[in-house]
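Heads up: the sequence lines are chains A and B, in that order. So for the first sequence, our numbering puts the first residue at 1; every next one is plus one. So for the second sequence, our numbering puts the first residue at 1; every next one is plus one. Heads up: the structure comes next, in structure tokens.
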Amino acid sequence: ILNVEQSPQSLHVQEGDSTNFTCSFPSSNFYALHWYRWETAKSPEALFVMTLNGDEKKKGRISATLNTKEGYSYLYIKGSQPEDSATYLCAFNNAGNMLTFGGGTRLMVKP
Amino acid sequence: EADIYQTPRYLVIGTGKKITLECSQTMGHDKMYWYQQDPGMELHLIHYSYGVNSTEKGDLSSESTVSRIRTEHFPLTLESARPSHTSQYLCASSPRASRANYGYTFGSGTRLTVV
Numbered sequence: 001i002l003n004v005e006q007s008p009q010s011l012h013v014q015e016g017d018s019t020n021f022t023c024s025f026p027s028s029n030f031y032a033l034h035w036y037r038w039e040t041a042k043s044p045e046a047l048f049v050m051t052l053n054g055d056e057k058k059k060g061r062i063s064a065t066l067n068t069k070e071g072y073s074y075l076y077i078k079g080s081q082p083e084d085s086a087t088y089l090c091a092f093n094n095a096g097n098m099l100t101f102g103g104g105t106r107l108m109v110k111p
Numbered sequence: 001e002a003d004i005y006q007t008p009r010y011l012v013i014g015t016g017k018k019i020t021l022e023c024s025q026t027m028g029h030d031k032m033y034w035y036q037q038d039p040g041m042e043l044h045l046i047h048y049s050y051g052v053n054s055t056e057k058g059d060l061s062s063e064s065t066v067s068r069i070r071t072e073h074f075p076l077t078l079e080s081a082r083p084s085h086t087s088q089y090l091c092a093s094s095p096r097a098s099r100a101n102y103g104y105t106f107g108s109g110t111r112l113t114v115v
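Listed below in structure tokens is the structure:
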């Protein structure tokens, strides 16, 4: 079983704060790294799928970077809003083509 | 608007009952997956399918079974529910070329409680 770690487990920030969290994964047999956003009572929603070392992707105020050589990815949220409150999941796709998920970072943004 | 549907959303059932959790997708995706999540824990893959008549067990051992008779339908069955099966079950799908830049599409999940 592959080890995918996310930190921190939870995070409370004030509206307007910028924040970031980490996903670490095995650096061998890398295929892709996924980020999902999971709001309470909804389905997980794909944010990014990253495949190349050095990739940087952006969607509105959310961006992500990827380092496959050292096995980590960062997710950044600029100017957090209450609607950003959710659990952010990363998932590692190795050569076997199945996703292994981390435990998630639960973000709560206070107005 | 959901393209992958799971029913029921919530289910409370007695020990020993047979249950089937339904999952259907309208996107024509070849690959489908079932994940299980216990409270506060990671999503764990319990079953997956690459297409019709293809089913495989995932990383986490599960007493459930699945079938894939039609592309759009991937039901999960527990022959005799036990309290240890209490969990959230999430269905997902992806297109054939899922190594490429496609994320999974997830259903809303079924929260199962066995009493």
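C-beta atoms are modelled at their ideal positions from N, C-alpha and C, and glycine is treated no differently. What you are looking at is a predicted structure, and each value in this text was computed from that prediction instead of being measured.
Item: CB contact flag (P26 (chain A), G60 (chain A), <7 Å); Value: no
Item: Contact under 7 Å by Cβ, N29 (chain A) with N94 (chain A); Value: yes
Item: Backbone CA spacing between T110 (chain B) and Y31 (chain A) [nearest angstrom]; Value: 29 Å
Item: 7 Å Cβ cutoff met for V13 (chain A) and V109 (chain A); Value: yes
Item: Cutoff 6 Å; reference A92 (chain B); Cβ partners in own chain excluding five residues on either side; Value: Y33, Y104, F106
Item: Assigned secondary structure, E83 (chain A) (DSSP; H/G/I helix, E/B strand, else coil); Value: helix
Item: Cutoff 7 Å: M98 (chain A) Cβ touching any chain B Cβ; Value: yes
Item: DSSP-derived helix/strand/coil call for H85 (chain B); Value: helix
Item: CB contact below 7 Å: G51 (chain B) versus chain A; Value: no
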